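Inspection log for the structure reproduced underneath, given as C-alpha cells.
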Amino acid sequence: MKKWVPAASGLLAGFMAATVFFADFSTGPKGTASNDNNANKSNAEKVYVPYGELDEYYMLSSGGHSGQLFVYGLPSMRKIRTVPVFSPDPATGYGFDTKTKEMLGGYTWGDFHHPAISETNGEYDGKFVFANDVANNRIGVVDLSNFHTADIMEMPNMGGPHAGTFVTQNTEYIVMPTRFSVPIGKEYAPLDEFEEKYKGVVSMVTFDQEKKKLDMSYQIMLPPWSYDLSDAGKKVSGDWIVMTTYNTEFATTNNEINASQNDRDYIVLLNWKELEKKVAAGEYEEVNGAKMIDPRKHKGSIYAVPVAKSPHGVDVTPDGTRFIASGKLAPLMTVFSFEKAFEAIKSGDFETEKFGIPVLPYDKIVEREVDPPGALGPLHTQFDDRGNAYNTMFISSEIVKWKIDTGEILDRTPVHYSPGHSTATEGDTASPDGKWIVSLNKIAKDNFLSVGPSHPESMELIDISGDKMSLTYTAPVDPEPHYAQTIHRDKIKTIKIYEKDEKREHSVWKQEDTRIERKGNEVHVYGIAMRSKFVFDAKAKRPDEIKVNQGDKVIIHLTNIDLDQDITHGFGIMDHDLNYEVQPGQTSTIEFTAEKAGTFPIYCTNFCSALHQEMSGYLLVEPK
Amino acid sequence: MAKKLSAGSMASLIGAAALIFASIKFPWWGMKFFAPQYPEGLDIIVYPSTLDGDIDIVNGLNHYIGMAEFSNESFPELQYLPGLIIGLAVIFIIIALLRRKSLLFVPVGLLVVGGALGIYDMNRWLTKFGTELDPKAPIELEPFVPPIIGENILANFVTHSYFTTGSFLLGAAFLLTLLPFWLERRK
Numbered sequence: 001m002k003k004w005v006p007a008a009s010g011l012l013a014g015f016m017a018a019t020v021f022f023a024d025f026s027t028g029p030k031g032t033a034s035n036d037n038n039a040n041k042s043n044a045e046k047v048y049v050p051y052g053e054l055d056e057y058y059m060l061s062s063g064g065h066s067g068q069l070f071v072y073g074l075p076s077m078r079k080i081r082t083v084p085v086f087s088p089d090p091a092t093g094y095g096f097d098t099k100t101k102e103m104l105g106g107y108t109w110g111d112f113h114h115p116a117i118s119e120t121n122g123e124y125d126g127k128f129v130f131a132n133d134v135a136n137n138r139i140g141v142v143d144l145s146n147f148h149t150a151d152i153m154e155m156p157n158m159g160g161p162h163a164g165t166f167v168t169q170n171t172e173y174i175v176m177p178t179r180f181s182v183p184i185g186k187e188y189a190p191l192d193e194f195e196e197k198y199k200g201v202v203s204m205v206t207f208d209q210e211k212k213k214l215d216m217s218y219q220i221m222l223p224p225w226s227y228d229l230s231d232a233g234k235k236v237s238g239d240w241i242v243m244t245t246y247n248t249e250f251a252t253t254n255n256e257i258n259a260s261q262n263d264r265d266y267i268v269l270l271n272w273k274e275l276e277k278k279v280a281a282g283e284y285e286e287v288n289g290a291k292m293i294d295p296r297k298h299k300g301s302i303y304a305v306p307v308a309k310s311p312h313g314v315d316v317t318p319d320g321t322r323f324i325a326s327g328k329l330a331p332l333m334t335v336f337s338f339e340k341a342f343e344a345i346k347s348g349d350f351e352t353e354k355f356g357i358p359v360l361p362y363d364k365i366v367e368r369e370v371d372p373p374g375a376l377g378p379l380h381t382q383f384d385d386r387g388n389a390y391n392t393m394f395i396s397s398e399i400v401k402w403k404i405d406t407g408e409i410l411d412r413t414p415v416h417y418s419p420g421h422s423t424a425t426e427g428d429t430a431s432p433d434g435k436w437i438v439s440l441n442k443i444a445k446d447n448f449l450s451v452g453p454s455h456p457e458s459m460e461l462i463d464i465s466g467d468k469m470s471l472t473y474t475a476p477v478d479p480e481p482h483y484a485q486t487i488h489r490d491k492i493k494t495i496k497i498y499e500k501d502e503k504r505e506h507s508v509w510k511q512e513d514t515r516i517e518r519k520g521n522e523v524h525v526y527g528i529a530m531r532s533k534f535v536f537d538a539k540a541k542r543p544d545e546i547k548v549n550q551g552d553k554v555i556i557h558l559t560n561i562d563l564d565q566d567i568t569h570g571f572g573i574m575d576h577d578l579n580y581e582v583q584p585g586q587t588s589t590i591e592f593t594a595e596k597a598g599t600f601p602i603y604c605t606n607f608c609s610a611l612h613q614e615m616s617g618y619l620l621v622e623p624k
Numbered sequence: 001m002a003k004k005l006s007a008g009s010m011a012s013l014i015g016a017a018a019l020i021f022a023s024i025k026f027p028w029w030g031m032k033f034f035a036p037q038y039p040e041g042l043d044i045i046v047y048p049s050t051l052d053g054d055i056d057i058v059n060g061l062n063h064y065i066g067m068a069e070f071s072n073e074s075f076p077e078l079q080y081l082p083g084l085i086i087g088l089a090v091i092f093i094i095i096a097l098l099r100r101k102s103l104l105f106v107p108v109g110l111l112v113v114g115g116a117l118g119i120y121d122m123n124r125w126l127t128k129f130g131t132e133l134d135p136k137a138p139i140e141l142e143p144f145v146p147p148i149i150g151e152n153i154l155a156n157f158v159t160h161s162y163f164t165t166g167s168f169l170l171g172a173a174f175l176l177t178l179l180p181f182w183l184e185r186r187k
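Going line by line, the protein sequences match chains A and B.
Position 83 of the first sequence, counting from 1, maps to 83 under my numbering, and the rest follow consecutively.
Position 51 of the second sequence, counting from 1, maps to 51 under my numbering, and the rest follow consecutively.
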C-alpha cells in the first residue's frame with residue numbers, strides 16, 4: 001500500500017467528522033421568517049391562559065346584525081358567551097318566555113352597533129352595558145350581574161340611532177343620535193321636502209338602575225344631517241356631547257356621491273346640562289310622547305365646528321380636554337380643544353350661522369391636524385395611559401399610534417384587513433390601561449380555513465404596552481362586530497344563582513306547593529324544575545303531566561329550585577316551537593294556546609345531571 | 001383540711017361553664033364533600049340548634065341514592081340540645097358556688113357521660129341515614145356509615161368529617177373541670 005493512503009484517508013475522516021459535527025447545513029442567509037417564528041412563540045405565551053387561571057379583561061363586543069352581544073376574554077380572545085339582546089335565542093329561550101318575548105316586541109332581529117358600559121366619574125363601573133339597535137330605533141341594556149338583557153325601549157321620532165350608544169360620565173344619560181333623518185313620527189313627506197320636513201333627532205335616555213328600567217328623558221330636534229358617531233365629554237367637558245355629521249348637503253339620493261360634496265361637514269357640540277335645565281323649566285313640545293326641545297331656540301346649548309369632509313369617529317381624550325375627529329374622506333385626524341371652543345363661545349366669536357346654529361371658527365379651536373403619510377381612511381381613536389392615541393385606518397389597513405400633544409407619529413402596524421373600530425383596555429375611560437388594543441376588522445380574506453365565499457370577520461390583538469405595537473394574535477368572529485369596550489375583570493361582579501325570593505310572583509319553592517289551576521279556559525301551572533324532574537302538580541297521579549283541553553290558554557310558571565351553581569334547566573315542548581330556560585333560583589313563564597290536540601312530550605333541554613335524559617313529562621291536549 | 005374549694009377551682013369551674021355556654025353559638029361538627037363537579041366543596045355544618053351549609057344542595061344530590069332529607073326537623077336533638085347545654089352550664093356554676101370538693105366529680109362525670117351519649121347518638125344517625133336508603137332510588141348503593149371523624153369515599157364524593165369549634169370549647173371545658181383536682185391535690 002502506498003504511504004499516502006492512510007494519511008489521506010485519515011485527513012478525509014477528519015474532515016467528515018468535522019463536517020458532521022460542526023457544519024451549518026442551512027440554506028443561505030436567515031430571513032425574517034425565522035425571527036418571526038421566535039416572536040410567535042412569545043406571542044403564544046402572551047395569549048395563553050393556563051387551566052385554572054382567568055383572562056384579565058372582558059371584551060364586550062357588538063354582534064352587529066345578529067342583534068347579540070359577544071363576550072370575549074382578553075388576552076386569550078376566547079369567546080365566553082353570546083348574549084341575545086335584539087334577537088331571539090333558542091339556546092336560552094330568550095324571546096320565547098313571556099317576559100323576553102314582550103321585551104322584543106315582535107322583532108326577530110336588531111342591528112347592534114355600539115356597546116357602552118355604564119360609567120361613574122368617567123370610569124367603567126361594570127354594572128350595565130347599553131346598546132343601540134340601528135334597524136328598529138331601540139335601545140337595550142344588559143345587566144352585567146347576570147349577562148341578561150334587562151330592558152329594551154323603542155324610541156319615537158328616530159331614523160336609526162347610529163351615533164350612539166355613549167354615556168355621559170356618570171351615566172346621567174345614554175345618548176342616541178339619529179343616522180337617517182325622517183319626518184317627525186315618520187309621517188309621509190316627499191323627499192323634495194327633506195330640508196324642511198325631515199329631522200335628525202337625538203334621544204336622551206335615562207336608566208333607573210334599581211328598577212332596571214329605561215326611560216326617555218327628552219329628545220333634541222336637529223337639522224336633517226346624518227349623525228355618525230358621538231362621544232360624551234369628561235371632567236372640564238363633562239356637560240357636553242360631541243357628534244360628527246355627514247350629508248350637510250341634504251342629499252336625498254345616491255348619497256355616496258351627493259353626500260360627499262361639501263369640503264367641510266360639522267361636529268355638533270351640545271350642552272346637555274343646559275338642555276336639561278330648559279326641559280325641566282318646561283321649554284319643550286310634546287311630540288309623539290317625547291319631550292322635544294329645539295336647541296336653536298335656546299341659545300347657549302348648541303354649536304357647530306367645521307371639520308374635514310365626511311368625518312366618522314369623534315372621541316374625547318381621557319382627560320376631557322380635547323376631541324379628536326377622524327376624516328373618513330379626508331385622511332387626517334383633527335385635534336380640537338374644548339377650552340378654546342369654550343373661549344370662542346364665551347366671547348361670541350362665531351364664523352357664521354348654519355340653520356340657526358352658531359359655527360365656531362375652525363382655525364381658532366383646532367389644535368392640530370395629524371396626517372400620517374400614506375395612511376388612509378382614519379375612523380376611530382382609542383387611548384393609552386401615556387398620552388397616545390391609536391387610530392384605525394380603514395383603507396390602508398393599519399393602526400397608527402401618535403402622540404396627542406405633539407401629533408408625532410410614533411408607530412404603525414398593519415392589520416388584516418380594513419379595521420373599523422378598535423377597543424383598547426379601559427380605552428374610553430378617564431384612565432385607560434394601555435395594555436392591549438383589539439382591531440375589529442371587517443375583512444379577513446385567507447386568514448382562516450375556508451368556509452366558502454363569505455370569509456369571517458376578524459379581530460386582532462395588539463400589545464401596546466411597549467414603545468412599539470406588537471401584533472399578537474388573531475381570531476375569527478361571527479358577523480359582524482362594530483365596536484367593543486374592554487373592561488377589567490375586577491369591575492364586573494356577577495351573581496352565581498338567583499336569590500330564593502319566596503315572595504316572587506308565581507314562584508313555587510316546595511314540591512308540595514306545585515299546582516295546576518283552571519280559570520275558565522285558562523290553565524295556570526305553578527311548577528318546579530329540579531334535578532332530575534319536573535313537578536307541575538304534586539298531588540296528581542302523575543306530577544309531571546299537564547292535561548288541558550284543545551283551545552285552552554296555557555300559562556306555565558316554572559321555578560328552578562336547585563339553588564346550586566351552574567344547574568340550569570330547560571323546558572321544551574315538542575311541536576310547539578317553545579323552549580325556555582330557568583337558571584338556579586329563577587322563575588320564568590311561557591304562555592301559549594293549545595291549538596293542536598294530541599300528545600306532546602316535554603323535556604329538559606339544558607343538560608342538568610346524570611339523569612337529565614329522564615327529566616321529562618307530557619303535555620296532553622284533549623280534542624274538542 | 002378545708003372542705004371548701006379554693007377560689008382558683010371556682011374560677012376554673014365557672015370558666016368551664018362559660019365555655020360550655022359559649023359553645024351554643026359555634027358549630028360542633030361538620031362534613032365537607034368534594035367531587036369533580038364540586039371542587040369548592042359542599043358543607044354540612046352542625047350547630048347545637050341548627051344545621052347550616054349547603055343542606056339543600058346535599059339533599060338534592062342525596063335523593064339520587066335515596067337518602068332521607070336532612071333538615072332541622074329530622075333531628076329532634078336540635079330542639080332541646082341548647083336547653084341541655086344551658087342546664088349543664090348552670091349545674092357547673094351551682095357546684096362552683098357550693099364550693100364542695102366532693103361535688104367535683106359531678107361535672108367530669110356529666111361531661112364524660114354526655115360526650116359518650118352524644119357520640120353514640122351521632123353514630124346512630126349516621127348509621128340510620130347511610131343504611132336506610134330508599135330501595136326505589138335511581139342509583140343503587142351498598143349501605144354505608146360515614147365516619148364521625150375522618151375521610152370517606154362514596155361514589156364521586158370524598159367526604160371529610162370533623163369536630164370543630166364548639167366541640168373544642170367543650171374539650172377545653174373538660175380540661176377546666178379537671179384542673180380543680182390538681183389545684184386541690186395538697187389540701
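Note that beta-carbon positions come from the ideal geometry of N, C-alpha and C, so glycine has one too.
Given the structure is predicted, the values throughout are model-derived calculations rather than measurements.
Closest Cα partner of residue i within the set the options
i: B/Val113; options: B/Asn59, B/Phe174, B/Asn62 and B/Thr164; result: B/Phe174
i: B/Glu184; options: B/Gln79, B/Ala16 and B/Leu104; result: B/Leu104
i: A/Pro223; options: A/Ser181, A/Gly73 and A/Asp490; result: A/Ser181
i: A/Lys500; options: A/His488, A/Glu285 and A/Gly585; result: A/Gly585
i: B/Gly115; options: B/Phe163, B/Ile44 and B/Ala22; result: B/Phe163
i: A/Asp577; options: A/Lys493, A/Leu60, A/Thr605 and A/Leu563; result: A/Thr605
i: A/Thr599; options: A/Glu339, A/Lys401, A/Asp575 and A/Asn579; result: A/Asp575
i: A/Ser76; options: A/Phe70, A/Leu54, A/Asn258 and A/Gly93; result: A/Leu54
i: A/Gly159; options: A/Thr206, A/Trp225 and A/Asp97; result: A/Trp225
DSSP state of residue i mapped onto helix, strand, coil
i: B/Val90; result: helix
i: B/Thr177; result: helix
i: A/Lys211; result: coil
i: B/Leu84; result: helix
i: A/Lys30; result: Only weak support exists for where A/Lys30 lies, its pLDDT of 49 falling under 50; the value from the coordinates is given anyway. DSSP places A/Lys30 in coil when its eight states are reduced to three.
i: B/Asp134; result: coil
i: B/His63; result: coil
i: A/Asn38; result: Residue confidence for A/Asn38 is low, a pLDDT of 47 falling below 50, so the modelled location carries little weight; the figure read from the coordinates is stated next. If DSSP states are grouped into helix, strand and coil, A/Asn38 belongs with the helices.
i: A/Thr100; result: helix
i: B/Lys4; result: strand
i: B/Gly15; result: helix
i: A/Ile464; result: coil
i: A/Asp239; result: coil
i: A/Val366; result: strand
Beta-carbon proximity of residue i to residue j, cut-off 7 Å
i: A/Thr178; j: A/Gly164; result: no
i: A/Ser397; j: A/Ala375; result: no
i: A/Leu332; j: A/Glu367; result: no
i: A/Pro432; j: A/Glu426; result: yes
i: A/Ile365; j: A/Ala344; result: yes
i: B/Leu13; j: B/Ser49; result: no
i: A/Glu591; j: A/Ile555; result: yes
i: B/Ile20; j: B/Leu88; result: yes
Those residues which DSSP pairs with residue i across a bridge
i: A/Arg489; result: The partner list for A/Arg489 (beta bridge, DSSP) is empty, contrary to what the question assumes.
i: A/Gly585; result: In the DSSP output, where bridge partners are listed per residue, A/Gly585 has none listed.
i: B/Trp28; result: None, per the DSSP bridge assignment.
i: A/Leu69; result: A/Ser62 and A/Val83
Heavy atom of the ligand FAD within 6 Å of residue i beta-carbon
i: A/Gly200; result: Among the ligands in the structure shown, none appear at all, so the ligand FAD cannot be discussed.
Residue i at chain D interface by Cβ criterion, 7 Å
i: A/Leu563; result: Absent from the structure: chain D. Protein chains present are A and B.
| task | Identify each residue in the stretch 516-533 of chain A for which the Cβ-Cβ distance to at least one residue of chain B is less than 9 Å, and report them in chain order. | result | Met530, Arg531 and Ser532
| request: With 7 Å as the C-beta to C-beta threshold (strictly closer), list the residues of the stretch 50-71 of chain B near chain A in chain order. | output: Asp56, Ile57 and Gly60
| message | Beta carbons nearer than 7 Å to chain A: which residues of the stretch 25-42 of chain B have them? | response | none
| field | Members of the stretch 122-141 of chain B near chain A, C-beta cut-off 7 Å | value | Listed in sequence order: Pro138.
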